Amino acid sequence: MRKIICKTYEEMSATAAYIVAEQVRTKPQSIIGFATGSTPVGTYKQLRSLYESGYVDFSGVTAFNLDEYYPIKHDNDQSYYYFMRDNLFSHINIKEENLNIPNGECSDPAKECTEYDRKMAAMGGTDLQILGIGNNGHIGFNEPADSLSLATYLVDLTEDTIEVNARFFEKIEDVPRQALTMGMGGVFSSKHILLLINGSKKAPIVKELFSGSITPQVPASLLNLHPNVTVIMDEEAASLL
Ligand code: GLP
31 MRKIICKTYE EMSATAAYIV AEQVRTKPQS IIGFATGSTP VGTYKQLRSL
81 YESGYVDFSG VTAFNLDEYY PIKHDNDQSY YYFMRDNLFS HINIKEENLN
131 IPNGECSDPA KECTEYDRKM AAMGGTDLQI LGIGNNGHIG FNEPADSLSL
181 ATYLVDLTED TIEVNARFFE KIEDVPRQAL TMGMGGVFSS KHILLLINGS
231 KKAPIVKELF SGSITPQVPA SLLNLHPNVT VIMDEEAASL L
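Each residue of the sequence shown is one higher than the one before, starting from 31 at the first, in my numbering.
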């Protein structure tokens with residue numbers, strides 16, 4: 031995995047935004063895997079600026095998002111459906127029909143997951159997958175476990191993740207207990223994975239990520255097996271390396 035260590039969160043976000051923009055400039059029909067969470071917010075802000083300045087055109091881009099809470103309504107401001115429009119999609123010229131996010135309102139999660147994988151596979155996987163990482167090493171909502179799923183699936187969130195994500199909700203009881211997440215197969219289908227990590231809270235998991243061992247108890251550690259991963263960190267996240 032290639033490491034890029036930036037001084038600040040802003041520098042990390044700008045670096046990531048340029049990598050995404052170059053991908054789209056090189057291949058206007060790119061398929062991009064988008065992530066949510068607080069980490070990529072700065073990257074999306076920079077991408078909006080690059081779009082506004084005319085540097086990048088998203089009209090040919092197709093998006094496949096990593097995950098979504100389940101169940102959750104689209105108009106819930108904590109849904110990833112809402113988050114992506116609020117932070118990026120409503121501000122750029124990506125086409126509505128090219129947006130794919132696992133549907134938190136679906137009535138048949140198993141069918142939704144199968145269909146999501148089928149559609150993504152039919153398009154050949156993603157060209158670039160943006161990823162964040164949970165404090166416990168999860169990617170998307172692939173939580174630490176004895177075995178990990180290849181396919182997109184309905185996952186029970188760990189107590190740890192529910193507690194960490196409660197900060198975005200009014201009260202912890204409002205955090206959905208489950209989520210639909212792209213599995214490891216979907217993540218690995220990407221030609222290039224861009225993992226973004228910032229802040230001192232993530233320093234211990236960064237240390238594990240680069241410890242030289244892989245385990246499903248740290249799902250992100252499996253990324254060491256992918257041939258093309260770029261990890262962009264700020265100095266705080268990299269402080270224990
Ligand atoms: C969330 C998301 C992940 C994200 C992670 C880290 O639960 N499902 O895709 O990478 O947790 O979030 P943050 O960037 O806010 O630290």
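Glycine included, each C-beta is placed from N, C-alpha and C at the ideal position.
All figures in this text were calculated on a predicted structure; none of them were measured in a lab.
**Prompt:** Looking only at C-alpha atoms, which of 242, 81, 210 sits nearest to residue 171?
**Reply:** What you label residue 171 is simply residue 141 of the sequence shown in a count that begins at 1. Closest in C-alpha terms to residue 171, from the list 242, 81, 210, comes 210.
### Message
Given the structure, does residue 68 come close to ligand 2, in the sense that its CB is under 6 Å from one of the ligand's heavy atoms?
### Response
With respect to ligand 2, the structure offers nothing, as its ligand set consists of ligand 1.
Handout entry: Terminal residues of the beta strand (DSSP E) in which residue 263 lies
Key = The residue given as residue 263 occupies position 233 in the sequence shown. Run containing residue 263: 259-264, per the beta strand (DSSP E) assignment.
task = Could you give the DSSP three-state label for residue 51: helix, strand or coil?
result = What you label residue 51 is simply residue 21 of the sequence shown in a count that begins at 1. Here residue 51 carries a helix assignment [DSSP, helix/strand/coil].
Q) Where in the segment 33-114 do unbroken runs of the beta strand (DSSP E), each at least 3 residues long, occur, reported from the N-terminal end onward? A) Taking 3 residues as the minimum length, the beta strand (DSSP E) runs contained wholly in the segment 33-114 are 61-64, 92-95, 97-100, in order along the chain.
* Asked: Which word fits residue 59, buried or exposed, when buried means at least 16 other C-beta atoms lie within 10 angstroms of its C-beta?
  -> Start at 1 with the first residue of the sequence shown, and residue 59 comes out as number 29. Here residue 59 is exposed. Its C-beta has fewer than 16 other C-beta atoms within 10 Å.
If you measure from the CB of residue 87, is any heavy atom of ligand 1 nearer than 6 Å?
Position 57 of the sequence shown, counting from 1, holds the residue named residue 87. Residue 87: no, Cβ never under 6 Å from ligand 1.
(message) Looking at the strands, I want to know which residues DSSP matches up with residue 236.
(response) Translated into positions along the sequence shown, residue 236 becomes position 206. The partner list for residue 236 (beta bridge, DSSP) is empty, contrary to what the question assumes.
**Message:** Below 6 Å, is the gap between the Cβ of residue 140 and the nearest heavy atom of ligand 1?
**Reply:** Locating residue 140 in the sequence shown gives position 110, counting from the first residue. Residue side-chain check: residue 140 keeps its Cβ at 6 Å or more from all non-hydrogen atoms of ligand 1.
The alpha helix (DSSP H) with residue 205 in it runs from where to where?
-> For the purposes of this step, residue 205 is taken as residue 175 along the sequence shown, with counting starting at 1. Where residue 205 is concerned, there is no enclosing alpha helix (DSSP H), given that its DSSP letter is neither H nor E.
Original post:
Which class does residue 16 belong to by DSSP, given the choice of helix, strand or coil?
Top reply: Because the chain spans 31 through 271 in this model, residue 16 falls outside it and cannot be assessed.
Could you spell out where the alpha helix (DSSP H) holding residue 217 opens and where it closes? The residue labelled residue 217 in the question sits at position 187 within the sequence shown. First-last of the alpha helix (DSSP H) with residue 217: 214-218.
_residue 186, enclosing beta strand (DSSP E) - first and last residue_ = In the sequence shown, residue 186 corresponds to position 156, counting from 1. Per DSSP, residue 186 is one residue of the beta strand (DSSP E) stretching across 183-186.
| query | Should residue 65 be counted as a contact of ligand 1 given a C-beta to heavy atom distance under 6 Å? | reply | Taking the first residue of the sequence shown as position 1, residue 65 is located at position 35. Residue 65: yes, Cβ under 6 Å from ligand 1.
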